[in-house]
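K.L.:
Got a structure for you, written out below as structure tokens; questions coming shortly.
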Amino acid sequence: MTRSYGRPADGLRPVTIEPGFVRTATGSALISMGETRVICTASVQESIPRWRAGSGLGWVTAEYGMLPASTGERKQRDVTKGRPDGRSVEIQRLIGRSLRAVVDFAALSENSIYLDCDVLQADGGTRTASITGAYVALTLAADTLVASGRIKRSPLSGSIAAVSCGIVDGVPLLDLDYPEDSTAEVDANVVMTGDGGLVEVQATAERTPLSRTHLDELLRLAEAGIVQLRAAQDEAIATGRAAAAAAGA
């Protein structure tokens, strides 16, 4: 089997994360995984949802969207349809759940952080790239809140990253691009914390039922890929922090 970028079955596409991509955001990152590119921004508001009022706890939520030209055929904007696209709603809920898994809401105090993930170009794995990039944006936003004195300590209790995997022609593969995803017998998205805890596993058998053996293999592939993604996140966060320190010097 020949894969994009000549990678093996357990190989990620080339990954880059550029921190501070949107200067007006409290925290931001542009993540590229092969031809998939997503802008992730974190914006802070000094308020919380009404149902959380008086709790002393903060909130983190997410929104996700694809630009019209992000796919081969123009995608109609949700605003022109008068309602959000069902797929987009499902994905943004996944992103929000994933990031909230590593947030200490008491440390965030009564502040809300909105994570916006906008797909510039889609070639498979947009939701997992969004989670991985949004963590970097969230971390940089948390740094800004601490530096400004708005909160006393970082609200992050751990790290989070996600990757896709699947079975194509009977072979378990890591990080599916669109041609692989569109022909996969099984496709899955795995979200894990930095210490190896599973936050969410989405697995769907398109034609062939998923065996326990294949599920274990997919989880093994995902865990190894997430270790690499975590290293890319760490590098991006370090670069972002160095840039912030230089700007404040």
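Counting in our numbering, the sequence shown runs from 8 upward without gaps.
Even for Gly, the Cβ is constructed at its ideal location relative to N, Cα and C.
Measure the Cβ-Cβ separation of Pro179 and Ala49 and say whether it is below 9 Å.
P.N.:
Not a contact, by the Cβ cut-off of 9 Å.
K.L.:
Give me, in chain order, the residues of the same chain whose beta-carbon lies closer than 8 Å to that of Pro56; leave out the 5 immediate sequence neighbours on both sides.
P.N.:
Contacts found: Trp66 and Ser119.
K.L.:
Please go through the same chain and pick out, in chain order, the residues whose beta-carbon is closer than 7 Å to the beta-carbon of Tyr142, but skip the five residues on each side of it.
P.N.:
Excluding positions up to five away in sequence, the list reads Leu106, Ser166, Ile167, Ala168 and Gln240.
K.L.:
Comparing C-alpha positions only, which one of Ala231, Ala254 and Glu207 sits nearest to Gly103?
P.N.:
The option with the nearest alpha carbon to Gly103 is Glu207.
K.L.:
So, using beta-carbon positions, are Val110 and Leu152 closer together than 9 Å?
P.N.:
No, the Cβ-Cβ distance between Val110 and Leu152 is not below 9 Å.
K.L.:
Under a three-way DSSP split, which group does Asp194 fall into?
P.N.:
Note: Asp194 maps to strand in three-state DSSP.
K.L.:
Can you give, in chain order, each stretch of the beta strand (DSSP E) that sits fully within the segment 119-156 and has at least 3 residues?
P.N.:
You should have 119-128.
K.L.:
So, with DSSP's three-state summary, where would you put Thr68?
P.N.:
Three-state result, Thr68: strand.
K.L.:
Identify, in the order they occur along the chain, each residue of the same chain with its Cβ nearer than 7 Å to the Cβ of Thr87, setting aside the five sequence neighbours on each side.
P.N.:
Around Thr87: no qualifying Cβ.
K.L.:
Runs of 3 residues minimum, wholly inside the segment 21-62: which ones carry the beta strand (DSSP E) assignment?
P.N.:
With a minimum length of 3 residues, the continuous beta strand (DSSP E) runs that stay inside the segment 21-62 are 22-26, 34-40 and 43-52.
K.L.:
With DSSP as the reference, label Gly232 as helix, strand or coil.
P.N.:
Note: Gly232 maps to helix in three-state DSSP.
K.L.:
May I have the straight-line CA-CA distance separating Ile158 from Leu115, to the nearest angstrom?
P.N.:
If you take the alpha carbons of Ile158 and Leu115, they lie about 6 Å apart.
K.L.:
Report buried or exposed for Glu187, applying the criterion of at least 16 other Cβ atoms within 10 angstroms of its Cβ.
P.N.:
It is buried - the Cβ of Glu187 has at least 16 other Cβ atoms within 10 Å.
K.L.:
Considering Cα atoms alone, identify which of Thr133, Ala254, Val175 and Ile38 is closest to Pro216.
P.N.:
The shortest Cα separation from Pro216 among Thr133, Ala254, Val175 and Ile38 belongs to Val175.
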